[in-house]
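Protein chains in written order, with our numbering: chain A, 4 to 466; chain B, 105 to 562. For glycine and all other residues, C-beta sits at the position ideal for the given N, C-alpha and C. Since the model is a prediction, treat every value here as computed from it, not as a measurement. Below you'll find the structure, written out as structure tokens, and then a few comments.
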């Protein structure tokens with residue numbers, strides 16, 4: 004199995020190049036199993052220990068495996084200005100061992116026990132996973148309890164790891180045209196809110212982190228009262244809760260994290276347009292719009308709209324722009340509502356050779372205008388609802404994915420929103436979809452980012 | 105396809121090749137498989153349908169979904185020599201129209217129920233896969249049967265798909281890792297089909313005609329070369345009766361599979377460098393490896409895990425953890441049906457490219473020159489055997505395992521036998537296969553970098 008250890012969550016970058024239906028699970032949250040009596044969420048047990056640790060347990064014995072996940076509310080949003088990327092660097096430090104495990108031993112111990120570990124840092128949280136055969140659940144808990152407070156901070160480990168993170172930035176952003184464009188796009192769309200800053204940090208920030216920065220971040224944000232522990236799989240809840248209490252209960256509550264002084268994004272009052280010129284073969288187009296998050300009633304119709312526009316080859320953008328007009332080799336829509344603060348609704352496309360980003364943009368926006376002008380059909384509405392519902396059922400096939408959904412929702416707002424999401428989707432009408440398209444997917448609320456391919460030396464690429 | 109960022113996670117053997125169908129007697133059997141080493145529930149039901157399709161079914165009723173993959177010996181290895189890309193376009197075109205459905209009708213039908221249906225081609229095989237809610241299984245089977253038995257390859261659709269494939273080829277050249285890997289494969293395999301991109305080339309793809317595709321379909325899309333693995337909320341008896349109506353008319357046939365001439369080993373080291381305005385050097389180096397049926401497969405598997413197959417392996421420990429030179433570094437043996445390769449892959453800032461290559465070569469030499477420690481070997485075995493339950497914990501993973509078991513002729517008791525294969529490997533075996541299958545002196549090296557900064561040895 005491939006696991007992407009210590010990877011940075013790429014936020015929407017990962018899905019920009021692809022339509023929403025390609026495995027993007029965030030849209031599929033919170034729908035009930037059609038035939039089942041109860042929902043999977045009815046089987047989630049929530050407990051909060053006196054020290055503030057929230058514990059979510061799910062008994063799902065269909066396979067002899069367990070996932071132990073811990074989500075800290077310690078994402079890129081929590082970084083001080085000039086210390087961008089520190090939350091992600093901290094994630095890397097979490098694998099450096101403790102006095103108990105020894106240096107660099109975390110992953111060794113996990114693997115020796117047949118486990119797989121992984122982590123990611125996103126804008127609102129950092130998440131850690133250990134998946135095991137279910138008889139190793141206690142080991143997973145022991146390791147997480149240990150590194151919640153005992154991580155080793157040593158210069159000789161820190162400095163090479165900082166270089167590794169810089170290589171990660173080069174690999175995943177600087178030498179990938181679409182990722183570079185995404186970074187510039189977000190920095191343009193968000194003038195005030197830290198969502199505009201790259202989770203991995205700007206180059207100068209990466210170079211400037213000190214061991215002391217990382218330690219301070221750890222001491223401030225890694226504590227029971229900032230964490231949600233999720234254990235799902237072939238477990239006995241009572242036994243796991245007993246063990247959790249034993250291992251985590253004695254860890255003192257951390258200092259209250261400093262009050263969040265996060266500037267909210269002011270309303271956008273006019274289109275922004277930005278260009279990136281970079282060595283590449285073909286242009287790329289992004290068009291993003293500020294939209295509400297999962298706590299807002301418009302989240303459900305926006306999710307439906309994303310599917311109507313970008314939910315596969317039969318969806319409007321692909322059908323018109325790729326299939327009929329042959330202007331682009333891909334065209335999609337992207338809306339992730341699982342953010343603590345409002346994020347973006349994206350449209351994206353990759354022009355065919357010989358076609359310009361501007362031509363493709365016009366064709367895509369014509370499809371948006373069509374939604375403004377006439378309601379989507381009943382069949383389109385039903386298809387989007389079916390897709391959202393089915394994606395959710397598919398997600399239940401993996402306890403890891405289930406736990407991930409709980410963690411992401413809890414980091415953004417509350418996992419309990421999963422229990423009502425389907426109701427929201429089912430109530431959406433064609434008029435709702437039209438209304439949110441008219442309200443949010445409009446020029447004054449839009450940031451357009453275009454990659455202009457160049458050949459070495461900065462000359463424009465030949466068509 | 106979505107690019108998966110594989111970092112320093114377990115690599116083991118990459119499944120770039122789908123190993124060939126092993127012909128089996130037409131008997132039905134039910135074999136117990138050990139799931140996660142605990143209970144002895146059967147892994148799957150297996151039987152050969154009258155048309156020759158090998159059917160594998162694993163019932164997983166906990167979630168109301170069905171996931172399936174039909175694998176055919178119809179990969180790019182069978183492309184006509186001057187028409188590289190035919191296998192890929194045949195797979196793409198399979199869903200672009202049938203006697204009774206247009207391309208838009210096919211995508212609308214599967215997407216309306218929230219399902220997915222895809223056809224893709226790799227080096228050795230082509231695969232038709234679907235996932236649906238179990239209530240929509242009939243629809244998925246209708247579509248699968250229709251695509252396999254009644255495709256019409258409409259010329260108007262082909263005229264759209266060829267430019268799309270060409271655009272995809274162009275766009276793939278933006279990823280330094282892809283460019284480096286393709287250059288490496290061409291160096292290692294020479295004129296062998298594995299040396300060519302499965303999608304074809306900018307020169308070959310425009311020459312592909314509907315007749316080429318039709319001929320490829322008629323030769324290779326045959327039930328006697330098909331393995332259908334179905335996993336989920338489904339019963340064997342029910343599925344069989346449903347399949348009869350859809351695949352009953354699919355006729356066996358096709359010419360014997362032509363085996364490509366074995367690729368020649370490198371007589372001396374070769375290097376290809378490609379200049380790009382990039383901040384990192386994308387590096388691939390290595391040489392020919394083994395096929396899946398090699399008797400040394402398991403010692404090689406364990407040896408590679410120790411070298412660079414996992415996050416705690418020697419290559420990432422040295423190059424990532426100790427030196428901080430790379431985020432992503434690892435090694436893999438890719439065992440194909442007709443040949444295989446060994447490669448080290450890494451991306452590192454331009455300036456230390458040569459240092460990183462030298463460090464990786466030193467690790468390869470160490471693997472050959474000294475036995476691995478008892479602790480290292482024990483840890484590797486513990487991981488490779490202990491993590492097995494995680495390889496079977498979703499329907500898609502079980503589908504993949506079943507397809508792999510059938511294609512490699514491993515037997516449905518493979519899950520039970522696997523730990524013994526791993527545990528039998530000794531430190532002496534590891535050193536022996538390192539000496540036999542790793543060559544730190546004669547290798548192919550491909551580097552995409554800013555060559556003004558990456559000072560590579562001539």
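Chain-ordered neighbours of residue i on chain A, where CB pairs are closer than 9 Å
i                      : result
residue 169 of chain B : 393, 396, 397, 399 and 400
Per DSSP, the bridge partner or partners of residue i
i                      : result
residue 293 of chain A : A:347
residue 376 of chain B : B:550
residue 433 of chain B : B:450
residue 421 of chain B : In the DSSP output, where bridge partners are listed per residue, residue 421 of chain B has none listed.
residue 68 of chain A  : A:136
residue 386 of chain B : B:451 and B:552
residue 270 of chain A : In DSSP, residue 270 of chain A forms no bridge with anything.
residue 410 of chain A : Answer is none; residue 410 of chain A lacks a bridge partner.
residue 449 of chain A : A:292
residue 234 of chain B : B:172 and B:221
Cβ of residue i within 8 Å of any chain A Cβ
i                      : result
residue 216 of chain B : yes
residue 494 of chain B : yes
residue 123 of chain B : No answer about residue 123 of chain B holds up, because its pLDDT of 25 lies below 50 and its placement is not dependable.
residue 137 of chain B : Low local confidence applies: a pLDDT of 31 at residue 137 of chain B is under 50, so the model's placement there is unreliable, with the coordinate-based value given in what follows. Not closer than 8 Å to any Cβ of chain A, the Cβ of residue 137 of chain B fails to qualify, so no.
residue 432 of chain B : yes
residue 235 of chain B : yes
residue 572 of chain B : There is no way to answer for residue 572 of chain B, as the model of chain B reaches only from 105 to 562.
residue 556 of chain B : no
residue 553 of chain B : no
Neighbour list for residue i in chain B, Cβ cutoff strictly below 9 Å
i                      : result
residue 141 of chain A : Those within 9 Å of residue 141 of chain A in chain B number zero; the least Cβ separation is about 15 Å.
residue 189 of chain A : Correct list: empty, because the minimum Cβ distance to chain B is about 19 Å.
Distance cut-off 7 Å: residue i Cβ against heavy atoms of the ligand ZN
i                      : result
residue 176 of chain A : The ligand ZN is not part of this structure, which contains no ligands at all.
Per-residue contacts from residue i into chain C (C-beta, under 8 Å)
i                      : result
residue 179 of chain A : As a matter of chain content, chain C is missing from the structure shown, whose protein chains are A and B.
Minimum Cβ-Cβ distance from residue i to chain B less than 8 Å
i                      : result
residue 317 of chain A : yes
residue 136 of chain A : yes
residue 500 of chain A : Examination of residue 500 of chain A is not possible in this model, given that chain A is present from 4 through 466 alone.
residue 119 of chain A : yes
residue 111 of chain A : yes
residue 171 of chain A : yes
residue 407 of chain A : no
residue 30 of chain A  : Bear in mind that the predicted position of residue 30 of chain A carries a pLDDT of just 35, short of 50, making it unreliable; the figure below should be weighed with that in mind. No, because no Cβ of chain B sits closer than 8 Å to the Cβ of residue 30 of chain A.
residue 19 of chain A  : A caution first: residue 19 of chain A carries a pLDDT of 27, below 50, which makes its placement in the model unreliable, though a value can still be read off. No, residue 19 of chain A lies away from the interface with chain B (no Cβ there is under 8 Å from its Cβ).
residue 381 of chain A : no
residue 155 of chain A : no
residue 164 of chain A : yes
residue 88 of chain A  : no
residue 329 of chain A : yes
residue 322 of chain A : yes
residue 459 of chain A : yes
Proximal residues of chain A, C-beta to C-beta of residue i below 7 Å
i                      : result
residue 286 of chain B : What residue 286 of chain B touches in chain A: nothing, since even the nearest Cβ is about 14 Å away.
residue 565 of chain B : What the structure shows of chain B is the stretch from 105 to 562, and residue 565 of chain B is not part of that stretch, so it cannot be assessed.
Contact list for residue i against chain B, beta-carbon separation under 7 Å
i                      : result
residue 107 of chain A : 425
residue 355 of chain A : 267 and 271
residue 386 of chain A : 215 and 216
Residue closest to residue i, alpha-carbon to alpha-carbon, out of the options
i                      : options                       : result
residue 444 of chain A : A:89, A:82 and A:290          : A:290
residue 438 of chain B : B:541, B:265 and B:496        : B:541
residue 315 of chain B : B:150, B:155, B:442 and B:184 : B:184
residue 324 of chain B : B:221, B:192 and B:349        : B:192
residue 285 of chain B : B:386, B:319, B:503 and B:232 : B:386
residue 98 of chain A  : A:151, A:437 and A:242        : A:151
Partner residues on chain B for residue i, Cβ-Cβ distance less than 8 Å
i                      : result
residue 306 of chain A : Going along chain B, no residue has its Cβ under 8 Å from residue 306 of chain A, so there is no contact; the nearest lies around 13 Å.
residue 437 of chain A : Going along chain B, no residue has its Cβ under 8 Å from residue 437 of chain A, so there is no contact; the nearest lies around 21 Å.
Closer than 9 Å, Cβ to any Cβ of chain A: which residues of the region 368-383 of chain B, in chain order? 379, 380, 381, 382 and 383
Closer than 8 Å, Cβ to Cβ, to anything on chain A: give me those residues from the region 244-277 of chain B, in chain order. 264, 267, 268, 270, 271, 272, 274, 275 and 277
Residues of the region 193-222 of chain B with a CB closer than 7 Å to any CB of chain A: list them in chain order, please. 208, 211, 212, 215, 216, 217, 218 and 219
Under 7 Å (Cβ pairs) to chain B, residues found in the region 54-81 of chain A: 65, 66, 67 and 68
Contact list for the region 436-466 of chain B against chain A, Cβ threshold 9 Å: 451, 452 and 453
Proximal residues, the region 400-416 of chain B versus chain A, C-beta separation under 8 Å: 414, 415 and 416
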